[in-house]
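Scroll down for the structure; my scribbles are underneath it.
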Amino acid sequence: MSFELPPLPYPETALEPHYSAKTISFHYGKHHKSYATKLNTLVAGTEHETSTLEEIIRSTAGDESQKGLFNNAAQVWNHTFFWRSMTPEGGGRPSGELAQRIEQDFGSTDSLAKALTATAVQRFGSGWAWLVVEDGTLKTVNTLNADNPLAHGQSALMTIDVWEHAYYLDYQNRRVDYVAAVLEHLVNWDFVASNLAAAS
Ligand code: MN3
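Pasting the structure below:
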């Protein structure tokens, strides 16, 4: 196996009641795992066997002939990043440099939450909502299916999976309630801050 499924950063029950163990058991144990399994099948015996995920994502983005490889590599990366974007003691307010940058580029943490919610709800069909930094500016974007900011010269700071499998068991069709719960109770601001520091 070239690409191992990274362990979850917390137990499956840790995000309850906002994100159930049942959802995590399917989302991590079936969906995320299956992307990793497919990726290993696709890279076996190719030049990509020794590549990093990031190298595969950047080198195959936009290449129609490599779509399967891009989709599975990006989905492995996106999900690992999504799990790390949440924590059992999450939510609340960012502090320090991150808080200053949010204030500078969005006006306030509430305005950032509104922008991220809007971009998550506007994503028609399956995809991801992201907080990214591009050319020194924080912004919210959404991507379709497996697409991700690495493929567009942006650095990801946090993400919310808005594929239906991410929230349907807990929130049914209420994507907006799911996004609100992540932002209020689960977002890992320390992780966001470390990504911003690494991108600067
Ligand atoms: Mn997912």
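The opening residue of the sequence shown carries number 1433 in the working numbering; numbering runs sequentially from there.
Ideal Cβ positions, reconstructed from N, Cα and C, are used throughout, including at glycine.
Rounded to whole angstroms, what's the CA-CA distance from residue i to residue j? Just pull it up for me.
i	j	result
Arg1533	Lys1571	11 Å
Tyr1451	Asp1602	7 Å
Met1518	Leu1576	21 Å
Gln1586	Val1564	6 Å
His1511	His1464	6 Å
Glu1616	Gly1522	8 Å
Tyr1599	Ala1531	28 Å
Gln1554	Lys1454	27 Å
Trp1509	Glu1486	8 Å
Glu1566	Val1573	11 Å
Asn1620	Leu1437	21 Å
Trp1595	Gln1536	30 Å
Buried or exposed, going by whether 16 or more other CB atoms sit within 10 Å of the CB of residue i?
i	result
Asn1605	exposed
Ser1483	buried
Arg1525	exposed
Phe1502	buried
Gly1528	exposed
Thr1492	buried
Phe1556	exposed
Beta carbon of residue i, beta carbon of residue j: below 8 Å?
i	j	result
His1480	Ile1489	no
Ala1578	Ala1506	yes
Leu1440	Tyr1467	no
Asn1627	Leu1582	no
Phe1514	Leu1471	no
Ala1613	Ile1592	no
Report the residue ranges of all beta strand (DSSP E) runs contained in full by the segment 1576 to 1604; include only those spanning at least 3 residues, in chain order. 1587 to 1593
- Hey, is the segment 1529 to 1547 in contact with the segment 1470 to 1477, meaning 3+ C-beta pairs nearer than 8 Å? no
Practice prompt. Output the residue ranges of the beta strand (DSSP E) runs that lie fully inside the segment 1553 to 1577 and measure 3 residues or longer, sorted by chain position.
Written response: 1559 to 1566, 1569 to 1576
Considering only residues of the segment 1449 to 1501, which uninterrupted alpha helix (DSSP H) runs meet the minimum length of 4 residues and lie entirely inside it, listed in chain order? 1453 to 1458, 1465 to 1475, 1485 to 1492
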